[in-house]
Amino acid sequence: MLISIFILSVIIIITSVLWKQRWLLYHAWKIPGPVSVPLVGSAFLLSATKDNFFDLLCGKLDSWRPVTKFWVGPQLYIATARPTDVEKILTNCLNKSPFYENFNDIVKDTLLTSKVSIWKEHRKMINPSFNSKILNSYHDVLVNYSREMVKYLGDTEGVEQTDFLRAIWERTLDVALATLTNVKPHVLKERQRMITVTVKFEEILIQRFHTFSFLIDFFWKLSDLHKEHEVNCQTAHDIGENIIAEEYKSYESEDRNDDASESNRFLPNLTKLNRTKQITREEIMDETCLMLMAASETAAITINTVLTILGIYPDIQERVYQELVSVLPNMENSPTQKEINRLNYLERVVKETLRLVPTIPYILRYAEEDIKCDPYLFPAGSNLLVPLVLLHRDPDVWPEPEKFDPDRFLPDEVAKRHRCSYIPFSFGARNCIGLRFGMTVVKVMVATILRDFKVQTVGMKSWKDIQWDYIVMLKAKNSRLRFEKRKF
Ligand code: HEM
0 MLISIFILSV
10 IIIITSVLWK
20 QRWLLYHAWK
30 IPGPVSVPLV
40 GSAFLLSATK
50 DNFFDLLCGK
60 LDSWRPVTKF
70 WVGPQLYIAT
80 ARPTDVEKIL
90 TNCLNKSPFY
100 ENFNDIVKDT
110 LLTSKVSIWK
120 EHRKMINPSF
130 NSKILNSYHD
140 VLVNYSREMV
150 KYLGDTEGVE
160 QTDFLRAIWE
170 RTLDVALATL
180 TNVKPHVLKE
190 RQRMITVTVK
200 FEEILIQRFH
210 TFSFLIDFFW
220 KLSDLHKEHE
230 VNCQTAHDIG
240 ENIIAEEYKS
250 YESEDRNDDA
260 SESNRFLPNL
270 TKLNRTKQIT
280 REEIMDETCL
290 MLMAASETAA
300 ITINTVLTIL
310 GIYPDIQERV
320 YQELVSVLPN
330 MENSPTQKEI
340 NRLNYLERVV
350 KETLRLVPTI
360 PYILRYAEED
370 IKCDPYLFPA
380 GSNLLVPLVL
390 LHRDPDVWPE
400 PEKFDPDRFL
410 PDEVAKRHRC
420 SYIPFSFGAR
430 NCIGLRFGMT
440 VVKVMVATIL
450 RDFKVQTVGM
460 KSWKDIQWDY
470 IVMLKAKNSR
480 LRFEKRKF
C-alpha cells in the first residue's frame, strides 16, 4: 500500500513538472542537442576538471553548432552562434540568466547582474560618466600609470615574468581608482587585498561548479568552502565600505572640485545622486565594487593576452613597433590622445586578439518572451547562451579562423560582415559600458610598453599553445613573458 502511494506521488510530481514545462519541452524537442537524462539533463556531458573545462565546453558546443539545446536539470539552455539570432537575443532579452545570481553574494543588484527594472535606472545614472569628454580627461592619468609599468619592467628586466597579469592588474586597478573615484590608490591600502579577494571569489566559484553536490544549495551552504566564501565576501564588503567612506569624505571636503568633468565621474556622480536620494549608499557600494573589478580585471587580462600573442609573433610585433615609431616620432614625449587614436594597426591587433580569445567568452541572457529564430522558436523561460568563441571562429565568416590576422579588421573587411559576427563587448542596450574606456586603457598600456621593450613569450610557437583558465573570463595561465629594453 505504502509503495503504491509513493509511486503515485512520484508520478503526480513528475507529471505536474512536465505539464508546467510543456512549452519549453515542446519547442526544445525541435532543436538539436545532446542526449539528456531525467533530473540531470545533459550536465554530465559537461562534467570536467577545472583544467580542461574550457576546451571541453568549446569542443562540445563546436560539434553541436550553430544551434543547440541542452538541459542542466530543469533549466533549458539554447546556444546559438548565428549572428542574426545573436542580434535578436541581445536586442530583445535584456534580463540576465539566473547564472548571474552567483555574483549576488559579492555584488548584488549591479549593472552586470540586476533585473531589467533596476538595471535601467542605474544605467541611466551611470551612462553620463562614460561620455567622450570625461574619458578624454583620463588620458594623463592613464599615461602616468603606463609609465609606472614601464619603470617596473625596467627594474625587473631580464627576469622571466611568470605573473605579469598580477603586475599589470595592479596598474589597471590604480587607473580605475584614479579615474572613476576620488580615492587615492596609495591611500587605499586595500588595493592588493582587492585583487586577492577577486581571485579568491573566482576560484571558489569554479570549485563550486566542479563539485556536483555543491550545485545543490543545501550541501553548498553546509560546506567549508561556503564558510570561506562568506569570509571572502565580507572582506570585499569591508573594502567597498572603505572606498565609499573615503569618497564621502572627499565630497564633504572644502577643496571639492565641482567642475562638471570632475563631478560627473563615476563615483563622485553617484555620491551626488545619493544626496538627492536617487540611489542608496548600499547600491553605490555594490556598483563601485563591480565597476572597479570589471574595469581593472578585463583590461589587465586583455593586455596580458595581447602581449603574450605579440611575443609569439615577432613579425606582427615589429609592425606594431614601426607604427609606433611613425606615429610617435619623439620617443621621449608621452603619447597624446590624438596620437593614440592614430594607432590603427595596434587597434587591429587588439581586435584580432579579442576575436580569437574574447576576454569574456560567453554571454547568458534569459528569455522573458518567445524569440523566433527560424526555423526554431526559443521559448520564454529558456536561458540563451551566446558563445563568443564560436561566433568569432565561424569558418563561414572568418576564412582560416585559427590564423592570427589583424587585417581582418581593415574597414573594407569589417563592412562585409554582419554586425553581430564580432561582439567582444556584447551588443545592444546592455553592452559593455566600459567599451571605449577598456579599449583606450589596453591601447595606451600596450603602446607605452612596446615603445620601450620587445616582448618574448617563452616556450610557445603558436597562440594555440596557450592554455586557458576559465570561469567568467579567459586568462592565459601558462604565459611566461620576457621583456628586453629597446636601444634607441
Ligand atoms: C577591456 C576589455 C573589456 C571587455 C572585453 C569587456 C567585455 C564585456 C562584456 C562582453 C560584457 C557583457 C557581459 C554580459 O552580458 O555577461 C560587459 C559588461 C560590462 N562591462 Fe565590460 N569589458 C571590458 C572592459 C570594461 C571596463 C574598462 C569597464 C568599466 C570601466 C567595464 C564595465 C562593464 C560593466 C559595468 C558591464 C555590465 C554592463 C550592463 O549590463 O549594463 N568593462 N563587458
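According to numbering that gives the first Met the number 0, the stretch in the sequence shown is residues 0 to 487, in order. Each residue gets a CB set at the ideal place from its N, CA and C atoms; glycine is no exception.
Following the DSSP letters along the chain, one finds residue 344 inside the alpha helix (DSSP H) bounded by residues 343-355. Of the residues 172, 228, 388, the one whose Cα lies closest to the Cα of residue 294 is 172. From the listed residues 111, 83, 76, the smallest Cα separation to residue 424 is found for 111. DSSP places residue 265 inside the alpha helix (DSSP H), whose first and last residues are 265-274.
Under the criterion of beta carbons closer than 8 Å, residue 367 and residue 103 do not qualify as touching, at roughly 19 Å. For residue 257, there is no enclosing alpha helix (DSSP H), as DSSP marks it with neither H nor E. With a cutoff of 8 Å on beta-carbon distance, residue 144 and residue 170 are scored as near each other. No Cβ-Cβ contact shorter than 8 Å links residue 323 with residue 485.
When 346, 167, 157 are compared, the shortest CA-CA separation from residue 147 is found for 167.
Checking the DSSP bridge columns, you'll see residue 76 partnered with 69, 382. Checking the 7 Å criterion, the Cβ of residue 242 is out of range of every heavy atom belonging to the ligand HEM. Secondary structure note for residue 105: it is in no alpha helix (DSSP H), with a DSSP letter that is neither H nor E. According to DSSP, residue 455 shares a beta bridge with 481. For residue 182, same chain residues with a beta-carbon under 7 Å away, outside a window of 5 residues either side, are 176, 242, 245, 246 in chain order. Contact between the region 410-424 and the region 126-139 is not established, with fewer than three Cβ pairs separated by less than 8 Å. Counting along the chain, residue 376 sits inside the beta strand (DSSP E) bounded by residues 375-377. Taking 7 Å as the cut-off, one finds no heavy atom of the ligand HEM near enough to the beta carbon of residue 307. Under the 10 Å beta carbon count, residue 25 is surrounded by fewer than 16 other beta carbons and is classified as exposed. Closest in alpha carbon position to residue 83, among 474, 375, 444, is 375.
The continuous alpha helix (DSSP H) containing residue 244 extends over residues 223-251. Using a Cβ-Cβ distance cut-off of 8 Å, the region 298-318 and the region 450-470 are in contact, since at least three pairs of beta carbons, one from each stretch, lie closer than that value. Restricting attention to 371, 303, 378, 390, the CA atom closest to the CA of residue 349 is found in 303. Between the alpha carbons of residue 358 and residue 378 lies a gap of roughly 29 Å. When rounded, the separation of the alpha-carbon atoms in residue 4 and residue 41 is 30 Å. For residue 154, no beta strand (DSSP E) run applies; the uninterrupted alpha helix (DSSP H) run containing it begins and ends at 138-154, by DSSP. A straight line joining the alpha-carbon of residue 237 with that of residue 248 spans about 17 Å.
In the DSSP annotation of this structure, the continuous segment of the alpha helix (DSSP H) that includes residue 22 starts and ends at 21-29. Closest by C-alpha distance to residue 392, out of 419, 369, 9, is 419.
Closest option to residue 68, judged by alpha-carbon separation, among 27, 108, 2: 27. About 11 Å separates the CB atoms of residue 384 and residue 365; that is not less than 8 Å, and the two are not in contact.
C-alpha of residue 476 to C-alpha of residue 163: approximately 11 Å in a straight line.
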